Ligand SMILES: *[C@@H]1O[C@H](CO)[C@@H](O)[C@H](O)[C@H]1NC(C)=O
Ligand SMILES: *[C@@H]1O[C@H](CO)[C@@H](O)[C@H](O)[C@H]1NC(C)=O
Ligand SMILES: *[C@@H]1O[C@H](CO)[C@@H](O)[C@H](O)[C@H]1NC(C)=O
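In mature numbering (1 follows the signal peptide of the UniProt record, and there is no 0), the protein residues as written are -22 to -1, 1 to 461.
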């Protein structure tokens, strides 16, 4: 489906290149500037503007067009047809994009022609996408088309799995930066430009309905720089800009709707399918001409295009599936403090159940032993576990304390005063039910019982207070570290 869509889009786009350039209203001017003659003059010279042009025998596709000794201007724009998922487990992301590059080749006819390119006879730049990426597919979609002004448009489709180093210390409140670069070897000065076919006024456009990610795209940066593979000191950024992509979260919901042809011409779908963000060019920080002068034909000093995504993780999933459930489980464990200390089965089973539920919840979050560091979510889960375990231990302590009290009370010399004290308020109620023999035992139980009650009473306030303090600290620290 997506593939069909991409092809359809390209056909549409390529047909609109011509429109784009003629809409500019300067086609004939461009021709005249470049050639010194008009289309009419050319027609008079016997050249048919709509013919298929066959590359002459003397055309050498190994020679770069342009003046020898100067860099050839190649401008490109990218249209990202599919993005994601970003995997924090294997630290890669999947991307499909169409890269369109255009340059001027003086050896070609100046009017619009379809070039017979079945044998790849026209010169084209050698593009090498980043070396550490898996290129799943790299294909030239459409033969180069020559447009007025001897401009050649080349369209390539890339499908890649790109590594992205992610830092997960603040997971799931993390922000990541993932990017991709492409080197253009052979004495070219490559830059980002606005392709007439995109009509988005953005060098990097994203089909927002096809973004499948736990992240949301905040902005996309695009840069072009010189790169010397032998010395990184020679790196100089000669073009850079940022496109703001915030506020387009709704496009995810538009997905299904925008797959229907009936809806394609609606503004909402056009905005989502061909969205380019609100782009802003940055002024160059330094003069790169000394570095550009060193760019060579051989390929060890070349120019490179790069774009990168600034991502922030969507929190709604973790809030619904981790934070709220674990908060509830911890809260449920406090119910124990309101139950009778004597009802051991109820309180232990409640405690054990909450502990087990916490263990299950934390396995769902997933351990990441390959990262070998503690993430924010691990701290959260561990603390929640600790709170439910402490609640269970509190009961163990209450139970134990009660029994200790009764044991101590059993030694007769110590207990008289204590027994009297604790026994007095309950004397009336207990008197008619119990005979004299059982009396000491009951009174000692009451001593332990009241102590246990006191412990429970304190816990009712202590546990929630400490937990709320922990929750506040946790989110406070995370929101502070995000800035
Ligand atoms: C590429 O872009 C630069 C800067 O926008 C411009 O000066 C140059 O003419 C463009 N080259 C081509 C071949 O479009
Ligand atoms: C140059 O043209 C020949 C055919 O004439 C083709 O086989 C070869 O792949 C082309 N080289 C490049 C770099 O396009
Ligand atoms: C989209 O196309 C339909 C017909 O296919 C037309 O009725 C509708 O007005 C168009 N909408 C826009 C926004 O152009």
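Beta carbons are placed, not taken as given, at the ideal position from N, Cα and C, and that holds for glycine. As the structure is a prediction and not an experimental result, all values here were calculated from the model.
Check, Outcome
"Cβ neighbour criterion (16 or more within 10 Å) applied to residue 316", "exposed"
"Beta strand (DSSP E) runs contained entirely in the segment 269 to 320, provided each spans 3 or more residues", "279 to 291"
"Terminal residues of the beta strand (DSSP E) in which residue 328 lies", "Not the beta strand (DSSP E): residue 328 falls in the alpha helix (DSSP H), residues 322 to 343."
"Inter-stretch contact at 8 Å, needing at least 3 Cβ pairs: the segment 261 to 281 / the segment 210 to 217", "yes"
"Residue 81: CB within 8 Å of a non-hydrogen atom of ligand 1", "yes"
"Ligand 1 heavy atom lying under 8 Å from the CB of residue 51", "yes"
"C-beta atoms of residue 149 and residue 354 nearer than 9 Å", "yes"
"Start and end residues, beta strand (DSSP E) containing residue 111", "First-last for residue 111: undefined, no H or E at that position."
"CB of residue 241 within 9 Å of CB of residue 168, strictly", "no"
"Ligand 4 heavy atom lying under 8 Å from the CB of residue 454", "With respect to ligand 4, the structure shown offers nothing to examine, as its ligands consist of ligand 1, ligand 2 and ligand 3."
"Near ligand 1: residue 129 beta-carbon under 8 Å from a heavy atom", "yes"
"Among 64, 110, 37, 48, nearest to residue 99 - alpha-carbon criterion", "37"
"Proximity test, residue 171 beta-carbon vs ligand 1 heavy atom, cut-off 8 Å", "yes"
"Distance between beta carbons of residue 75 and residue 57, contact taken as under 8 Å", "6 Å"
"Residue 433 beta carbon less than 9 Å from that of residue 375", "yes"
"Between the CA atoms of residue 459 and residue 144 - distance to the nearest angstrom", "16 Å"
"For residue 158, three-class secondary structure by DSSP", "strand"
"Validate contact between the segment 188 to 204 and the segment 217 to 236 using beta carbons, cut 8 Å, 3 pairs", "yes"
"Neighbourhood of residue 411 by C-beta distance below 7 Å, restricted to the same chain and skipping five residues each side", "Bear in mind that the predicted position of residue 411 carries a pLDDT of just 46, short of 50, making it unreliable; the figure below should be weighed with that in mind. Closer than 7 Å at the Cβ level, and outside the excluded window around residue 411, lies no residue."
"Short Cβ contact (9 Å threshold) for residue 184 with residue 237", "no"
"Alpha-carbon spacing of residue 349 relative to residue 440, whole angstroms", "35 Å"
"Whether residue 352 touches residue 147 by CB criterion (9 Å)", "yes"
"Cutoff 8 Å; reference residue 382; Cβ partners in own chain excluding five residues on either side", "426"
"Nearest-angstrom Cβ-Cβ length linking residue 286 and residue 155, presumed shorter than 8 Å", "6 Å"
"Validate contact between the segment 288 to 304 and the segment 244 to 252 using beta carbons, cut 8 Å, 3 pairs", "no"
"From 457, 362, 276, residue whose alpha carbon lies closest to that of residue 448", "362"
"Whole-angstrom distance between residue 138 and residue 65, CA atom to CA atom", "14 Å"
"Contact under 9 Å by Cβ, residue 305 with residue 206", "no"
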